[in-house]
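In my numbering, the protein residues as written are 24 to 265.
No residue lacks a Cβ here, since even glycine has one placed at the ideal position from N, Cα and C.
In this text the structure is predicted, and so the values were computed from the model without any measurement.
One structure below.
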């Protein structure tokens, strides 16, 4: 019973820290996008789409090739996720090996192991679905980015086909890809949970430290010098343009 208490205390604590960090990250992206890599990249993607659609005849091939590379990256993660889901499903249904020998401390019951494997399986399935949605957005964007919107802007029926709309589609694909990658990150502490709640709890803090290093914009050139008001003004301009 004492070993089970570790699972009841350390595992929820580790998950709470992970969720709290991502809530803080979402707040930073919404309120101070220039201080996060995700926010800066989102604005730069809008500039890139606008530049690509200025002259479709010259930049169309480059735009499609770039989006195709993103589709390949999402396809790789989606294939990896579904393959790992199959492996976890096999491990869940296999009873020919002694799972309790892997534990250092913690719950050694069959139900406990089923919960651990199921949690990992959910992470990989979520990663698969998110990357599939990323492929969908990039596929739509690869067609829309070659639309001559300047010639069609005079027609009121097609006024919504603008560079901002295409940029929003590209950004949605990137957001889905990032969320799919986060699902992979979440699977690491859950995988270490198989070896006990203590490795899982420690890995949560190590992972948060690494993610903060990747998410925070410490020095991003000219983009880091843009003030928050510039980002808000840019969003207001896009809203007026619609």
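Check: Thinking C-alpha only, which one of 35, 29, 161, 41 is nearest residue 232?
Finding: Answer by Cα proximity: 41.
Margin query: I'd like the list of long-range same chain contacts for residue 195, defined as Cβ closer than 6 Å, with 5 residues on each side in sequence excluded.
Written below: Hits under 6 Å: 160.
Next item on the list: Would you give the residue range spanned by the alpha helix (DSSP H) that residue 163 belongs to?
Entry: 133-167 is the extent of the alpha helix (DSSP H) around residue 163.
Note to self: Am I right that residue 226 and residue 237 are in contact with their C-beta atoms under 8 Å? What's the rounded C-beta distance?
What the structure shows: Between residue 237 and residue 226 the Cβ distance is about 16 Å, and since that is not below 8 Å, they are no contact.
Item checked: Cβ-based burial, residue 84 [other Cβ within 10 Å; buried from 16] -> Residue environment: residue 84 is assigned as exposed (fewer than 16 neighbouring CB atoms within 10 Å of its CB, all protein chains considered).
Note to self: Does the stretch 151-171 come into contact with the stretch 195-205, if we say contact requires no fewer than three beta-carbon pairs (one atom in each stretch) closer than 8 Å?
What the structure shows: Yes, the stretch 151-171 touches the stretch 195-205.
Item checked: For residue 115, the nearest candidate out of 86, 43, 97, 136 (CA to CA) -> Checking every option, the nearest Cα to that of residue 115 belongs to 136.
Check: So residue 164 and residue 234 are in contact, right, with Cβ under 8 Å, and what is the actual spacing, rounded?
Finding: A Cβ-Cβ distance of about 27 Å is found for the pair residue 164 and residue 234, leaving them out of contact under the 8 Å criterion.
Margin query: I want to know whether the stretch 136-154 touches the stretch 85-105 - three or more CB-CB distances under 8 Å.
Written below: Inter-segment contact for the stretch 136-154 and the stretch 85-105 is present: three or more beta-carbon pairs are separated by less than 8 Å.
Next item on the list: Check residue 103 in the structure and name its three-state DSSP category.
Entry: DSSP places residue 103 in helix when its eight states are reduced to three.
Notebook entry, point to check: Count the other CB atoms within 10 Å of the CB of residue 65; is the residue buried (16 or more) or exposed (fewer)?
Noted result: The residue in question, residue 65, is buried, as its Cβ has 16 or more Cβ neighbours within 10 Å.
Item checked: Sub-8 Å separation of residue 63 and residue 240 beta-carbons -> The answer is yes: Cβ separation under 8 Å.
Check: For the candidate residues 222, 35, 186, whose alpha-carbon lies nearest to that of residue 167?
Finding: Cα-wise, what sits closest to residue 167 is 186.
Note to self: Quick check on residue 185: does DSSP put it in helix, strand or coil?
What the structure shows: DSSP, reduced to helix, strand and coil, places residue 185 outside both helices and strands of the structure shown, so it counts as coil.
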